[in-house]
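This report concerns only the one structure given below.
In UniProt numbering, the protein residues as written are 1 to 225.
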């Protein structure tokens, strides 16, 4: 595969990497010396980084790392916290229902399978983590569509039952139930889902799975608050 590079981006990143524990603030001249870039290039790139909050200037006109990097770092740490909460919850859902449990998040106009615990049954709904699917079908797709796309029908289902159910929508042999994970502040994290063969997820099994999924989603929302 051909490697694509954008020099201006690499130069901007090299400016950020010039800072360290020992060098928390730098002048334009010092950044130029650290990066090997012309001072005129550093000036333009630093201005753009400052505009977006990745650098800031102190009263002595020295550059420091800006708050945008702290925000990204917090999001990065939060992604690990999310996994630490979600994965055990999915494993418990598999034990409770015997079916595959997943956690989906929106990814532009699609949904991304971020975490997945497959059913131990050899006949199961199998999907890899990282798979992208449509938001237009499937229980988890409907949950995400309610929050991301403002789907009124999906919203009505969530208001009534706290979950969405699909039977043979994306795959004619698969049934699923999903519920939203929302913390105490109202922040939406994604959708917890249980899915499996329709002949196993009959009316009774689907009702049991629905109760387990809704309970899990609520517990996750509380733990993430």
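Backbone N, C-alpha and C define an ideal beta-carbon position, used for all residues, glycine too.
Comparing alpha-carbon positions, the option among 13, 115, 107 and 210 lying closest to residue 144 turns out to be 107.
Residue 95 and residue 127 have their alpha carbons spaced roughly 18 Å apart. The beta carbons of residue 89 and residue 140 sit no closer together than 7 Å. A contact between stretches requires three or more CB pairs, one per stretch, nearer than 8 Å, and the stretch 120-135 fails this requirement with the stretch 205-217. The residue among 208, 147, 112 and 170 with its C-alpha nearest the C-alpha of residue 138 is 170. Listed in chain order, the non-local C-beta contacts of residue 154 below 8 Å within the same chain comprise 142, 143, 145, 146 and 164, local neighbours out to five positions each way being set aside. Looking only at 21, 36 and 25, the smallest Cα-Cα distance to residue 12 is reached by 36. Counted as a single uninterrupted DSSP element, the beta strand (DSSP E) harbouring residue 100 occupies residues 100-107. Taking C-beta separations shorter than 8 Å and ignoring five residues to either side along the sequence, the partners of residue 219 in its chain run 89, following chain order. Secondary structure note for residue 208: its alpha helix (DSSP H) is the uninterrupted segment 203-223.
Here residue 63 is actually not in contact with residue 47; their C-beta atoms are around 10 Å apart, not less than 8 Å. A direct Cα-Cα distance of roughly 48 Å separates residue 102 from residue 32.
Counting of Cβ neighbours within 10 angstroms places residue 7 among the exposed residues, the total staying below 16.
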